[in-house]
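Have a look at the structure below, then the notes.
In the numbering used here, the protein residues as written are 3 to 294.
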């Protein structure tokens, strides 16, 4: 069966075009563009903090100001992390590009598994970009209106090392943002401005979908690593050489340790994390309701 690998590089190309806008594509950093955006976001966030200190008595203003600056603060942290980790991310990209070569896979099953994940990644990037643009536009309008075994382990460890801090700030930011969006929605409803709820709903959906994608990727990594040892059991180990058997033993020993992405090295990223974040956000929201 002929499998089409011609479009597998689209997800990398799309990420490249997006990150080049901020000058942080790992293989080619544009320092002037990166400095411009980082300074702009830093100034914007600083002005937000100053504005909060000048209006400490107005709870609704503080909530709105934090909510408005949350995306900017999270974006600033992300582009700074990507800039600091650019060398290791560039090496990671080289390893990823090797996986785009069809000859790297021995069976159609391996190719299909790769193509499925590649297709999911492309859809995720497209949906994230579109939803973020729509949510940001509606929000500001509302404001204006009011597989190689050991290689897999190495790549997983590299991914974990480079992104655990980014994942931590994503979860913390999402927790706070969902809480503030819920509070804003309640305030808007009590004020009789139901029309603004559409913008808040889409923004909350964007935050939730992004958070769910992070957690789903972590869940996939855990599930694949758990089924990794079982795949050795089903392979024809009795037809391989002694040297390959020794290598298989090493892989089997390594497979007993679960591969996972962590949230700042504190706990594993999984679908359970998604429900925990949502529950924590609602708990914070119940506290904020006492200020209404």
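No residue lacks a Cβ here, since even glycine has one placed at the ideal position from N, Cα and C.
Backbone CA spacing between residue i and residue j [nearest angstrom]
i, j, result
"residue 65", "residue 186", "8 angstroms"
"residue 89", "residue 28", "7 angstroms"
"residue 222", "residue 102", "20 angstroms"
"residue 34", "residue 81", "13 angstroms"
"residue 224", "residue 100", "23 angstroms"
"residue 150", "residue 191", "For residue 150, the predicted structure reports a pLDDT of 45, less than 50, and the residue's modelled location is therefore unreliable. The matter cannot be settled from this model."
"residue 219", "residue 116", "14 angstroms"
"residue 194", "residue 202", "14 angstroms"
"residue 229", "residue 44", "44 angstroms"
"residue 240", "residue 232", "16 angstroms"
"residue 179", "residue 209", "8 angstroms"
"residue 215", "residue 267", "19 angstroms"
"residue 277", "residue 283", "10 angstroms"
"residue 169", "residue 250", "32 angstroms"
"residue 144", "residue 199", "Model confidence at residue 144 stands at a pLDDT of 48, short of 50, so the residue's coordinates are unreliable; what they give is reported in the following sentence. So the two alpha carbons sit approximately 9 angstroms from each other."
"residue 17", "residue 127", "8 angstroms"
"residue 146", "residue 272", "Bear in mind that the predicted position of residue 146 carries a pLDDT of just 41, short of 50, making it too unreliable to give a figure here."
"residue 122", "residue 59", "47 angstroms"
"residue 261", "residue 75", "30 angstroms"
"residue 9", "residue 248", "37 angstroms"
"residue 291", "residue 281", "15 angstroms"
"residue 109", "residue 236", "15 angstroms"
Option nearest residue i by Cα separation, candidates the options
i, options, result
"residue 212", "238, 125, 225 and 189", "125"
"residue 171", "59, 281 and 73", "73"
"residue 52", "62, 38, 67 and 41", "67"
"residue 91", "31, 59 and 37", "31"
"residue 104", "130, 7 and 13", "7"
"residue 311", "109, 78, 205 and 273", "Within the shown structure, residues of the chain are numbered from 3 to 294, placing residue 311 beyond reach of any answer."
"residue 205", "122, 39 and 70", "70"
"residue 289", "243, 245, 182 and 256", "182"
"residue 257", "237, 227, 95 and 281", "227"
Cβ-Cβ distance between residue i and residue j below 7 angstroms
i, j, result
"residue 254", "residue 234", "yes"
"residue 113", "residue 107", "yes"
"residue 287", "residue 207", "no"
"residue 162", "residue 263", "yes"
"residue 279", "residue 173", "yes"
"residue 14", "residue 84", "no"
"residue 24", "residue 39", "yes"
"residue 164", "residue 87", "yes"
beta-carbon residue i near the ligand ADP non-hydrogen atom, thresh 6 angstroms
i, result
"residue 255", "In terms of ligand content, the structure shown is empty, and the ligand ADP therefore cannot be addressed."
Below-7 angstroms beta-carbon distance, residue i vs any chain D residue
i, result
"residue 233", "Of the protein chains in this structure there is only one, and it is not chain D."
Beta-carbon separation (whole angstroms), residue i vs residue j, contact threshold 8 angstroms
i, j, result
"residue 275", "residue 217", "5 angstroms"
"residue 62", "residue 189", "6 angstroms"
(request) Write down every uninterrupted run of the alpha helix (DSSP H) in the segment 17-73 whose length is 4 residues or greater and which is fully enclosed by it, in chain order. (result) Listed in chain order, they are 33-56.
(request) Kindly provide the ranges of any alpha helix (DSSP H) runs that are 4 or more residues long and lie completely inside the segment 243-281, ordered along the chain. (result) As far as the segment 243-281 is concerned, its whole alpha helix (DSSP H) runs of at least 4 residues are 244-257.
(request) Output the residue ranges of the alpha helix (DSSP H) runs that lie fully inside the segment 75-106 and measure 4 residues or longer, sorted by chain position. (result) Within the segment 75-106, complete alpha helix (DSSP H) segments of at least 4 residues are found at 88-100, given in chain order.
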